[in-house]
Amino acid sequence: MTADEASAALGVRKQTLYAYVSRGLVPRDVAHDNDGRRVSRFDRSHIVALAAERSRARAGVLTVLIESDVSALDPEGRLAFRGHSIADLVDRGSFEDAAALVLQTDRYQPQPALIPEASDPLPVETASRRSDAIRAAVLTAAATDPDRGNTSAIHCVSVAMTAVEAGCVAITGLTLESGSVAARLSSALARSATTPALVRCFDVALTLLIDHELTASTLATRTAASVQADPWMAILAGQCAMSGPRQAGAIQLAGDVLRRWLDGTVLDWDNPLPGFGHRVYVGPDPRYELLITEVAHLDAELVRRVEGLCIEVVRRQSRYPNVDLALAALTVAADADPNCGEVLFTLARTIGLAAHAIEEYPHRLRLRMRALTSHP
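Per this note's numbering, residue 630 is the first one in the sequence shown, and the count goes up by one each step.
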């Protein structure tokens, strides 16, 4: 590991890392880079073990460290999928292209035979969240898969793409032949005219949301995979976990904040505002910056007012915007269904969940936590 990677894993500054080296707590090798400069290298297994020991010492806090090549993010605002920066991915291809890259396959190719036929939307009075239809479609598709228990990487890739298509059909009623995922979702969820700029916004949002390292929903999927749950159920475990107000459910909360700001309603400055702040990034979320740039092509005046909100929040709370706020802005600019952001998040992240399941299956049962009880 490099010094940057080791310090990030330990949650310390590089100065602190080198202090550990001088005290003999962390072994270090010295090598030379391509320019002949001396660089430090650290043993990955030792750093991971030390990080785990540090997490146990912090009462009430559980930090899980798992090696993964799906995505990489750092506090300075960089995010990459399979070593490719998200900025490059949204510039050069579509959501389907990025999905294939993350799943390490040649192309986006679902199994049409497993995709449930479109049905009437779930009634608002019984299910006000459209993401419920996505989870129901995944469950229905699982029940028709004759190879359901197959946990091979090839089958997981197929399941991931088919799960996205099943959810997309459930939301839009439109099949793969009707266009890209972004085109179908924009036509179904937005009340504004379907323009190339609108489809582009939806496509960029989907790409940016594919993965974000080891979130709670990703851990839920990995936990299911570790006990050999089939790929459909592993994905569904993650989709259920992300529905809470601390992940995909946070997008509507950010939308509430944005609408109050646009209406001139006084905001609750005494508490952290949804749509701002992040547990990893110390500055703005890079996904926010990329998506809000696209939203500006739909409604420049709206984005100007969103940036005004961002300036005020930084001034009052020292918190920077995250992708939830950009999704809320897209929802307003497109005059879209209030569930739009959550739908995009759930469908896009399905790809990342499957990629993590593929990594986890070979390890079998290794995610076994322990409880601390107050009883004798």
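Every residue gets a Cβ at the ideal spot worked out from N, C-alpha and C, and that includes glycine.
Bear in mind that the values here come from a model prediction, so they are computed numbers and not experimental data.
- A Cβ-Cβ distance of about 5 Å is found for the pair residue 770 and residue 795, placing them in contact under the 8 Å criterion.
- Among the bridge pairs identified by DSSP, residue 950 is matched with 905.
- With contacts defined by Cβ atoms closer than 8 Å, residue 809 and residue 918 do not form a contacting pair.
- In the displayed model, residue 661 falls within a strand according to three-state DSSP.
- Between the alpha carbons of residue 899 and residue 912 lies a gap of roughly 21 Å.
- A direct Cα-to-Cα measurement between residue 744 and residue 773 gives close to 9 Å.
- Around the CB of residue 932, 16 or more other CB atoms lie within 10 Å, so the residue is classed as buried.
- Shown here for residue 916: same chain residues with a beta carbon closer than 6 Å to its own, the five before and five after excluded, namely 837, 952 in chain order.
- For residue 668, the enclosing beta strand (DSSP E) has its first and last residue at 667-670.
- Of 800, 783, 824, the smallest CA-CA separation from residue 767 is found for 800.
- Within its own chain, the residues whose Cβ lies closer than 6 Å to the Cβ of residue 821, once the five positions on either side in sequence are excluded, are 963, 964, listed in chain order.
- Closest option to residue 669, judged by alpha-carbon separation, among 643, 694, 892: 643.
- DSSP places residue 787 within a helical segment (H, G or I) once states are collapsed to three.
- In this structure the stretch 920-940 lies against the stretch 886-899, because at least three pairs of beta carbons, one per stretch, are closer than 8 Å.
- The beta carbon of residue 759 sits closer than 7 Å to those of 800, 966, 968, 972, all from its chain and outside the five residues before and after it, given in chain order.
- Judged by DSSP secondary structure, residue 707 falls within the beta strand (DSSP E) whose first and last residues are 707-710.
- Under DSSP, residue 701 shares a beta bridge with 709.
- Only exposed fits residue 994, as fewer than 16 other CB atoms lie within 10 angstroms of its CB.
- The beta-bridge partner set that DSSP reports for residue 714 consists of 709.
- Uninterrupted alpha helix (DSSP H) stretches at least 4 residues long and entirely within the stretch 924-987 occur at 929-946, 952-962, given in chain order.
- As the crow flies, the alpha-carbon of residue 734 is around 15 Å from that of residue 712.
- Residue 631 is not a Cβ neighbour of residue 789, given a cutoff of 8 Å.
- Partner residues in the beta bridge of residue 819, as assigned by DSSP, are 965.
- Residue state for residue 867 is assigned as helix, using DSSP reduced to three classes.
- Rounded to whole angstroms, the gap between the alpha carbons of residue 818 and residue 741 is 23 Å.
- Taking 8 Å as the upper bound for CB-CB distance, residue 907 and residue 699 are not in contact here, some 19 Å apart.
- By the CB criterion at 8 Å, residue 996 and residue 844 fall outside the cutoff.
- Apart from sequence neighbours up to five positions away, the residues of its chain that approach residue 697 with a beta-carbon distance below 8 Å are 842, 843, 985, 988, ordered along the chain.
- Across the structure, residue 848 and residue 857 are spaced so that their CA atoms are roughly 14 Å apart.
- Pairing residue 656 with residue 649, the inter-Cα distance amounts to about 9 Å.
- Take residue 807, set aside five residues on each side of it, and the residues of its chain with a beta-carbon closer than 7 Å to its own are 813, in chain order.
- Assignment of residue 813 by DSSP, reduced to helix, strand and coil, places it in the helix class.
- Nearest to residue 925 by alpha-carbon distance, out of 715, 956, 974, 708, is 956.
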